[in-house]
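For the sequence shown, our numbering assigns the number 172 to the initial residue and increments by one for each residue that follows. The C-beta atom is built at its ideal place from N, Cα and C for all residues, glycine as well. Remember, it's a predicted structure, so these values are computed and weren't measured experimentally. Structure, as structure tokens:
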Amino acid sequence: MLYDEKSKGGKKMSRNIILYIAMSLDGYIARKNGDVDWLEGDGSEPDADIGYDEFYGTIDTVIMGRKTYDQILTFGEYPYKGTKGYIYTSEKRDNNEDVEFTDENVEDLIEKLKNEDGKNIWLIGGAGVIDDFLKKGLIDEYFICVMPCILGEGIPLFKDINPEIKLKLLKTETVNGMVMLHYAKR
Numbered sequence: 172m173l174y175d176e177k178s179k180g181g182k183k184m185s186r187n188i189i190l191y192i193a194m195s196l197d198g199y200i201a202r203k204n205g206d207v208d209w210l211e212g213d214g215s216e217p218d219a220d221i222g223y224d225e226f227y228g229t230i231d232t233v234i235m236g237r238k239t240y241d242q243i244l245t246f247g248e249y250p251y252k253g254t255k256g257y258i259y260t261s262e263k264r265d266n267n268e269d270v271e272f273t274d275e276n277v278e279d280l281i282e283k284l285k286n287e288d289g290k291n292i293w294l295i296g297g298a299g300v301i302d303d304f305l306k307k308g309l310i311d312e313y314f315i316c317v318m319p320c321i322l323g324e325g326i327p328l329f330k331d332i333n334p335e336i337k338l339k340l341l342k343t344e345t346v347n348g349m350v351m352l353h354y355a356k357r
């Protein structure tokens, strides 16, 4: 599987912030309207294990933006029950047993989380939250699944004017026409 507990860039880590996300070959994480109906392989290995369950077992916290949270809820029940969730939003919403809505400074939240015992932290998305974490150098590992499609337009994974971040390639894997890339910050 792509996720390997032993491959952490050769460093002793506490809780890593991990961006685990899929994108089209041309760099989009969703259509302009937020739709992700294109997230599928090429059909060559439809039952192949892409390592999601293994990865999910290494995290106990998820972070995402409000639009991503709302999009996830359109698929049905909240899928991350039992995992602490932080939803970034400027809207006032009531917390529940699964999620805390926040507009806390990301650096303050991450410092707090990294000082707590626990597993890794999954940065789910969306683009605005990822951009904030990226620009502040808070992402420790990048799991990017390149899907076998070109969307032509949509919501880009990486916005313009990003800082230079040097990465080390830890592992690659191809499954069902998808290319899984695992990088760690150098």
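Applying the 10 Å Cβ sphere with the 16-neighbour rule, what's the burial state of residue i?
i	result
residue 185	exposed
residue 245	exposed
residue 238	buried
residue 355	buried
residue 187	buried
residue 333	exposed
residue 328	buried
residue 294	buried
For the beta strand (DSSP E) that contains residue i, what are its first and last residues?
i	result
residue 190	188 to 195
residue 338	338 to 346
residue 200	199 to 201
Output the distance between the C-alpha atoms of residue i and residue j, rounded to the nearest integer angstrom.
i	j	result
residue 230	residue 325	28 Å
residue 227	residue 313	14 Å
residue 236	residue 270	12 Å
residue 209	residue 320	8 Å
residue 204	residue 242	10 Å
residue 263	residue 216	44 Å
residue 225	residue 189	14 Å
residue 318	residue 198	9 Å
residue 232	residue 213	31 Å
At a cut-off of 8 Å, is residue i close to the ligand NAP when judged by its beta-carbon and the heavy atoms of the ligand?
i	result
residue 298	Only the bare structure without any ligand can be found here, which leaves the ligand NAP out of the picture.
I'd like to confirm the pairing. Which residues does DSSP put opposite residue i in its beta bridges?
i	result
residue 352	315 and 343
residue 327	199
- Query: At what residue ranges does the segment 225 to 297 contain a whole run of the beta strand (DSSP E), taking only runs of 3 or more?
  - Reply: Within the segment 225 to 297, the complete beta strand (DSSP E) runs of at least 3 residues are 230 to 236, 255 to 259, 270 to 273 and 291 to 296.
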